[in-house]
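Residue numbers (the working numbering): 45 to 123.
Input: a single structure, listed below in structure tokens.
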Amino acid sequence: MTTQLLLFCICVPDNGVFSRTSLQSDVCCLYDSTALKELVSQRLPHPISREVITGAHIIPKEQCHFDPEKGTFIHSASE
45 MTTQLLLFCI
55 CVPDNGVFSR
65 TSLQSDVCCL
75 YDSTALKELV
85 SQRLPHPISR
95 EVITGAHIIP
105 KEQCHFDPEK
115 GTFIHSASE
């Protein structure tokens with residue numbers, strides 16, 4: 045499977061933010077920044093881990109890369 049096929053998204057956000065799926069995970073997901081800000085402002089948990097969302101969840105895009113073998117974005121600083 046090519047990387048292009050693996051990168052297919054339902055919706056690519058205009059202004060995206062990478063967030064770890066949990067504080068113990070190296071896996072990152074791309075979220076719409078407005079949607080993520082709404083979760084934080086309403087003090088709602090992370091949609092995957094159900095943890096309280098903190099600044100430690102947010103990862104700069106330069107620290108994430110797509111791993112085609114795993115089929116997901118990985119926090120680069122963790123490798």
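Beta carbons: idealized from backbone N, C-alpha and C, even for Gly.
Please read all numbers here as calculations on a predicted model, not as lab measurements.
Going by C-alpha to C-alpha distance, which of A79, I92, G99 and R87 sits closest to V71? I92
Report the three-state DSSP secondary structure of T116 (helix, strand or coil). strand
Tell me the residue span of the alpha helix (DSSP H) that contains V84. S77 to S85
Here's a check: name, in chain order, each residue in its chain whose Cβ is nearer than 7 Å to the Cβ of Q107, leaving out the five neighbours to either side. H119, S120 and A121
Do we get a CB-CB distance below 8 Å when we pair C72 with the residues of chain C? Of the protein chains in this structure there is only one, and it is not chain C.
Nearest-angstrom beta carbon gap, L67 and E95 [assumed within contact, 8 Å]: 6 Å
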